[in-house]
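Peer 1:
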Amino acid sequence: MSFIIRGRVWKYGDNINTDIISPGQYMSQPVDKQAEHAMEAIDPDFAGKIQAGDIIVAGNNFGSGSSRETAQMVLKHHQIGAIVANSFARIFYRNSINVGLPVVEMVDTSVIEEGDEVEIDLLAGKVINHTKGVEYKGTKLPEHLIEMVKLGGLEPYLANKLGIS
Amino acid sequence: MGMGMTMSEKILAKASGQESVKAGDIVWVNVDIAMMHDLLGPWLVDGGFRRLGGKLFDKEKVVVVSDHCTPPATVQQADILKFTRDWSRQQDLPYYYEFEGPCHQVIVEHGHVRPGRLILGTDSHTCMAGGLGAFATGIGSTEMIGVLLTGETWLKVPETIKVVWDGKIPHGVYAKDLVLKTIKDLGHAGATYQTIEFSGSAITDLSMDERLVLSNMAVEAGAKTGLIEPDEKVVEFLRSKGVTDEIDMVSSDPDASYIRTLHYNASELEPQVACPHEVDNVHPVSAVEGKAVDQVYLGSCTNGRISDLRIAAQILKGKKISKNIRCLVVPASQHIWMQANKEGILDILTEAGCIVNMASCGACGGFTSGVIGAGEVVMSSSNRNFRGRMGSAKGEVYLGSPASVAATAIEGKIADPRKYLLKEVM
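Those protein sequences? They're chains U and W, same order as listed. With this note's numbering, letter number 29 in the first sequence gets 68, and the count goes up by one each step, no holes. With this note's numbering, letter number 319 in the second sequence gets 625, and the count goes up by one each step, no holes.
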């Protein structure tokens, strides 16, 4: 996983919970089928419009609710570049880092608009809005997770730790 | 600032082999119980687990419960269930349960949950185990791969919010009402990264069944876990489940540090209802009374225990549910199902017009057995009312106590249970 991510923004509001990202009724289906229904409760066009590398920018408490990693699986299936939010729910944040889905918190995401081109620097804790020519302060990746993110997530990190190539 | 430790700090100090830790520390911990269920367990874990060697750290500490796909409603669910069963056999797991009920209740009934233990599970409501004084929290499937292989993971020691409920809980008001009021005040992200520690005389008065309601719903305020200090009721409960080992009566030190303390007087509380589509959208029942519903759901790991079914039976005895609705009863475990049957509770409920389903995660998570369609409204005793949670994203879910749910079944509209219960008292 790269520490620098650049992409086009899709905006969402507060409390985008795991039942919205990954509805329970589709969870036993293959990932590509589940991904067709990602976010559909609030945005029926999501699966159709999202492009590889796009960045989701949302408000407070992104990913609240379930521990279901199908939420990360469907977002990764759509090749989301990163998620920027005012805040994340705890389990969602942790799962994202574990599977190599970049997540960044910043104080007020309302300054970013849909369609903006933004660049995220995970190590420096910066969010650069190229459309507006403004730089925002984001959270830096916690020190003890840098190595894991560098390797691409928990599985490669464990492989390294356990000496499995 | 106190120098003592909270329950969370003590349990995580022990799990990380240290004398003491404090909130904010990052610690590597040894896991006492790794719990998986069918939908987020072996099916998702197996690939990575095999790629990394495929050897369990300690099969005695791994518990698998098939509960989300039981009974399977689709061939895909049947395949997941079979995969889970086969995997558990291949790994020669001593603790695999299926068709016994939701994992959180099953691991409590089988004595896996004990005070002072560190329990990680692939489900956000794993925090229910905190009602017995275990530090228990939800993790994802990838993180579970690491736990299965090494028995370890890293955790940030959480700060603790102390929630004190004193006073006598009024007739018709239950643990569910206490926890809904608490979540309303904290907000649905108000305890993110933190522990909620429930204490006070109203909490110690609660039965084991009711304490589990509080800890189950801690995550609905964003919390990492919800803890209640173990006492004689916990010891008695564990002994009744055949646990003979010494029990770690972990408690917070009197001079422990809390980030926040909330004080409540339970005697002033009235029944509470969480309205769509967030668990902190809580109002007194009087504010939503009369809202017409299509379905009533009495059960789940939150509120499907024997005391819940007894209360519902007390309200529904000799009455009929509204013709306009269906009322689904889902005991929190097969064990509770059988107990309710022995006590005649299932007769009372079915004579009133309820349908009794088997113990499973079923419609609570929108998986099987009673999901809702577009435009339908449910009054449920479960724990989450997000958009689409119980089926259609165009449905609505209200949450309340089993008593409020039973009263709603009679009227076909959200109802205050106290008018039905007061008659019994007079």
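By construction, the Cβ of each residue, glycine as well, lies at the ideal position given by its N, Cα and C atoms. Since this is a predicted model, take the numbers as computed values, not measurements.
1) Closest to residue 585(W) by C-alpha separation, out of 508(W), 490(W), 496(W), 506(W), would be which residue?
2) Please list, in chain order, the chain U residues whose beta carbon lies closer than 7 Å to that of residue 350(W).
3) Once you ignore the five residues that flank residue 387(W) on each side, which residues in its own chain have a CB closer than 8 Å to its CB?
4) Hey, quick one: how far does the beta strand (DSSP E) through residue 107(U) stretch, first residue to last?
5) Counting C-beta neighbours from all protein chains within 10 Å, is the total for residue 418(W) 16 or more, i.e. buried, or is it exposed?
6) What separation, rounded to the nearest whole angstrom, lies between the Cα atoms of residue 346(W) and residue 393(W)?
7) Closer than 8 Å, CB to CB, is residue 52(U) near chain W or not?
8) Please work out which residues of its chain come closer than 7 Å, Cβ to Cβ, to residue 656(W), disregarding the five sequence neighbours upstream and downstream, and give them in chain order.
9) Which class does residue 146(U) belong to by DSSP, given the choice of helix, strand or coil?
10) Check each residue of the stretch 131-146 of chain U: if its Cβ is closer than 8 Å to any Cβ of chain W, include it; give the result in chain order.
11) Is residue 323(W) close to chain U, meaning its C-beta is less than 8 Å from at least one C-beta of that chain?
12) Would you mind listing the beta strand (DSSP E) stretches within the stretch 403-482 of chain W that are 3+ residues and don't spill past its ends, in chain order?
13) From residue 315(W) to residue 131(U), what does the alpha carbon distance come to, in whole angstroms?
14) Within a Cβ cutoff of 7 Å, which residues of the same chain sit near residue 78(U), ignoring the five residues on either side of it in sequence?
15) Can you name the residues of chain B whose CB is closer than 7 Å to the CB of residue 129(U)?
16) Counting only C-beta atoms, is residue 375(W) closer than 8 Å to chain U at any point?
17) For residue 386(W), which residues in chain U fall below 7 Å Cβ to Cβ?
18) Are the CB atoms of residue 619(W) and residue 704(W) nearer to each other than 8 Å?
19) Under three-state DSSP, which class holds residue 160(U)?
20) Using beta carbons (cut-off 8 Å, strictly below), is residue 204(U) in contact with chain W?
21) Pick helix, strand or coil for residue 665(W), following the three-state DSSP scheme.
22) Output yes if chain W places a C-beta closer than 8 Å to the C-beta of residue 199(U); else output no.
23) Among residues of its own chain, excluding the 5 on either side of residue 322(W), which ones have a beta-carbon nearer than 7 Å to its beta-carbon?
24) With which residues is residue 45(U) paired in a DSSP beta bridge?
25) Taking the runs of the beta strand (DSSP E) that are 3 residues or longer, which of them lie wholly in the stretch 348-391 of chain W?
26) For the alpha helix (DSSP H) that residue 695(W) lies in, which residues bound it at each end?
27) Taking the straight line between their C-alpha atoms, what separation do you get for residue 409(W) and residue 433(W)?
Peer 2: Result, derived from the coordinates:
1) In the second sequence, the residue the question calls residue 585(W) occupies position 279. The residue with the shortest Cα to Cα distance from residue 585(W) is 490(W).
2) Sequence index remark: in the second sequence, residue 350(W) carries index 44 (1-based). The contacting residues are 108.
3) Stepping through the second sequence from its first residue, residue 387(W) is reached at position 81. Taking C-beta separations shorter than 8 Å and ignoring five residues to either side along the sequence, the partners of residue 387(W) in its chain run 344, 372, 375, 376, 378, 404, following chain order.
4) Translated into the one-based positions of the first sequence, residue 107(U) becomes position 68. Careful: residue 107(U) lies outside any beta strand (DSSP E) and carries neither H nor E.
5) Taking the second sequence and counting its residues from 1, one reaches residue 418(W) at position 112. So residue 418(W) counts as buried.
6) Looking up residue 346(W) in the second sequence gives position 40. Looking up residue 393(W) in the second sequence gives position 87. Going from the Cα of residue 346(W) to the Cα of residue 393(W) covers about 13 Å.
7) Here the question's residue 52(U) lines up with position 13 in the first sequence. No, its Cβ sits nowhere closer than 8 Å to a Cβ of chain W.
8) Your numbering for residue 656(W) matches position 350 in the second sequence. Counting only Cβ-Cβ distances below 7 Å, and skipping sequence neighbours, we find 662.
9) Here residue 146(U) is taken as the residue at index 107 of the first sequence, counted from 1. Three-state DSSP puts residue 146(U) in coil, outside helix and strand.
10) 133, 134, 137, 138
11) Here residue 323(W) is taken as the residue at index 17 of the second sequence, counted from 1. Cβ-Cβ to chain U under 8 Å: no for residue 323(W).
12) Uninterrupted beta strand (DSSP E) stretches at least 3 residues long and entirely within the stretch 403-482 of chain W occur at 424-427, 441-444, 458-462, 466-472, given in chain order.
13) For the purposes of this step, residue 315(W) is taken as the residue at position 9 of the second sequence. For the purposes of this step, residue 131(U) is taken as the residue at position 92 of the first sequence. Each residue's alpha carbon lies about 23 Å from the other.
14) Mapped onto the first sequence, residue 78(U) falls at position 39. Only 59, 60, 85 meet the Cβ criterion.
15) The chain inventory of the structure shown lacks chain B, comprising the protein chains U and W.
16) Against the second sequence, residue 375(W) aligns to sequence position 69. So, interface residue.
17) In the second sequence, counting from the first residue as 1, residue 386(W) sits at position 80. Result: 67.
18) As a first step, residue 619(W) must be located in the second sequence, where it is residue number 313. As a first step, residue 704(W) must be located in the second sequence, where it is residue number 398. Going by C-beta atoms, residue 619(W) is not nearer than 8 Å to residue 704(W).
19) Taking the first sequence and counting its residues from 1, one reaches residue 160(U) at position 121. Three-state result, residue 160(U): strand.
20) Position 165 of the first sequence, counted from the start, is the residue given in the question as residue 204(U). Residue contact check for residue 204(U) against chain W: no CB pair falls below 8 Å.
21) As a working mapping, residue 665(W) is identified with position 359 in the second sequence. In the structure shown, residue 665(W) sits in coil (DSSP, three-state: anything other than H, G, I, E or B).
22) One-based indexing of the first sequence puts residue 199(U) at position 160. Closer than 8 Å: no.
23) Against the second sequence, residue 322(W) aligns to sequence position 16. 333, 334, 335, listed in sequence order.
24) The residue labelled residue 45(U) in the question sits at position 6 within the first sequence. Per DSSP, 158(U).
25) 368-372
26) Here the question's residue 695(W) lines up with position 389 in the second sequence. Segment: none, residue 695(W) is in no alpha helix (DSSP H) and carries neither H nor E.
27) Walking along the second sequence from the start, residue 409(W) turns up at place 103. Walking along the second sequence from the start, residue 433(W) turns up at place 127. Cα-Cα distance, rounded: 12 Å.
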